[in-house]
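Shown next, in structure tokens, is the structure this report addresses.
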Ligand code: HEM
């Protein structure tokens with residue numbers, strides 16, 4: 003892999019916030035892997051010719067996580083996006099990934115903006131807290147961060163990873179059989195509905211309550227999510243994850259995901275499991291969003307540091 007200075011800078015900047023934790027992801031360090039099956043809806047194939055939107059059920063893995071790069075950060079921390087990373091195993095032996103987060107928008111729309119964002123959140127060595135003046139200066143320079151910032155400030159800890167909705171934020175271009183192309187954004191909706199706790203309730207459940215709840219809940223039987231896509235109209239921002247699309251844009255259900263239990267068949271021994279938002283398949287194309295394009299480079303650097311592995315991964 004060619005050296006990638008910008009990716010290194012990004013991971014250094016993330017480590018400066020949460021510390022270096024050998025063997026762990028630089029972000030979303032704490033999480034739990036689950037086994038799942040995905041079944042497309044009858045209409046999905048009309049929007050994209052991708053294999054998993056044509057036939058099913060197929061096997062999938064899902065990793066639920068907290069946003070922090072600190073694997074010891076407590077689950078009751080309200081101010082972070084929770085993640086749902088899904089890997090679909092296609093019949094031809096390849097895989098494709100969808101990564102979602104509980105926020106309605108990303109904080110920034112450029113790589114420089116991301117580095118500014120990390121630096122503004124870096125704790126002061128004396129107080130151990132980010133400097134409010136630095137955050138204020140960042141917001142003045144990056145007003146696009148206000149949508150995500152307001153959502154983070156209003157967030158309360160989830161009752162369960164299975165009771166959150168997760169958004170891809172990036173747009174992808176679906177290609178249908180006849181060659182029609184449409185920009186879409188993904189959203190996972192929990193069948194059980196969304197639910198959260200007060201910080202006090204969450205603290206009383208303990209620092210690992212989300213991981214424990216997942217294990218206990220799935221021991222009782224499967225849990226379900228619906229994957230839908232929101233379809234862009236002319237003029238919607240297709241290369242800027244900081245701008246949500248208008249609510250009235252059409253939503254189309256693409257499939258159902260059944261989470262069947264915890265998974266113990268990956269991330270064992272030498273297996274390095276990597277979820278990458280640029281790992282698409284025929285029928286799905288990347289938008290020109292610079293954050294989306296950069297993520298694969300930053301993730302590769304994180305993977306290299308956490309596992310020593312530099313190769314094409316699935
Ligand atoms: C420039 C922007 C971003 C950077 C630099 C970044 C960086 C990272 C890194 C380094 C990891 C760990 C990768 C690994 O070791 O496997 C990660 C994981 C993750 N990121 Fe991002 N990220 C960015 C934007 C986003 C956005 C927009 C989302 C929203 C969907 C997101 C959601 C996630 C999730 C859910 C994970 C956990 C994946 C897993 O379970 O393996 N990230 N991110």
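Numbering (the working numbering), first residue to last: 3 to 316. C-beta atoms are modelled at their ideal positions from N, C-alpha and C, and glycine is treated no differently.
Cα-Cα separation, residue i to residue j
i: residue 22; j: residue 75; result: 13 Å
i: residue 191; j: residue 230; result: 8 Å
i: residue 196; j: residue 219; result: 15 Å
i: residue 1; j: residue 310; result: What is shown of the chain runs 3 to 316, which leaves residue 1 out entirely.
i: residue 238; j: residue 137; result: 28 Å
i: residue 3; j: residue 53; result: Because the pLDDT of residue 3 is 43, which lies under 50, any placement of that residue in the model is unreliable, and the question is left without a value.
i: residue 61; j: residue 259; result: 10 Å
i: residue 124; j: residue 56; result: 45 Å
i: residue 98; j: residue 121; result: 32 Å
i: residue 67; j: residue 280; result: 19 Å
i: residue 167; j: residue 241; result: 22 Å
i: residue 157; j: residue 205; result: 15 Å
i: residue 1; j: residue 226; result: The chain is shown from 3 up to 316; residue 1 falls before or after that span and cannot be answered.
i: residue 282; j: residue 14; result: 27 Å
i: residue 216; j: residue 228; result: 18 Å
i: residue 150; j: residue 141; result: 11 Å
i: residue 176; j: residue 244; result: 21 Å
i: residue 20; j: residue 165; result: 26 Å
i: residue 105; j: residue 152; result: 10 Å
Buried versus exposed call for residue i [16 or more other C-beta atoms within 10 Å across all chains shown]
i: residue 232; result: buried
i: residue 155; result: exposed
i: residue 300; result: buried
i: residue 214; result: exposed
i: residue 58; result: buried
i: residue 71; result: buried
i: residue 267; result: exposed
i: residue 94; result: exposed
i: residue 139; result: exposed
i: residue 82; result: buried
i: residue 170; result: buried
i: residue 131; result: exposed
i: residue 148; result: exposed
i: residue 33; result: buried
i: residue 161; result: buried
i: residue 278; result: buried
Nearest-angstrom beta carbon gap, residue j and residue i [assumed within contact, 8 Å]
i: residue 351; j: residue 189; result: Missing from the structure shown is residue 351; the chain here goes from 3 to 316 and no further.
i: residue 116; j: residue 257; result: The Cβ separation is near 31 Å, so there is no contact.
i: residue 293; j: residue 26; result: That pair is no contact at about 22 Å.
i: residue 28; j: residue 17; result: 6 Å
i: residue 126; j: residue 133; result: 5 Å
heavy atom of the ligand ZN below 6 Å from residue i C-beta
i: residue 289; result: Only the ligand HEM can be found as ligands here, which leaves the ligand ZN out of the picture.
**Request:** For the stretch 59 to 133, list the alpha helix (DSSP H) runs that are entirely contained and at least 4 residues long, ordered along the chain.
**Result:** 113 to 123
**Request:** Pick out the complete beta strand (DSSP E) segments inside the stretch 246 to 280, 3 residues or longer, and give them in chain order.
**Result:** 253 to 264
**Request:** Note down, one range per segment and in chain order, each beta strand (DSSP E) of at least 3 residues found wholly within the stretch 128 to 205.
**Result:** 174 to 177 and 183 to 192
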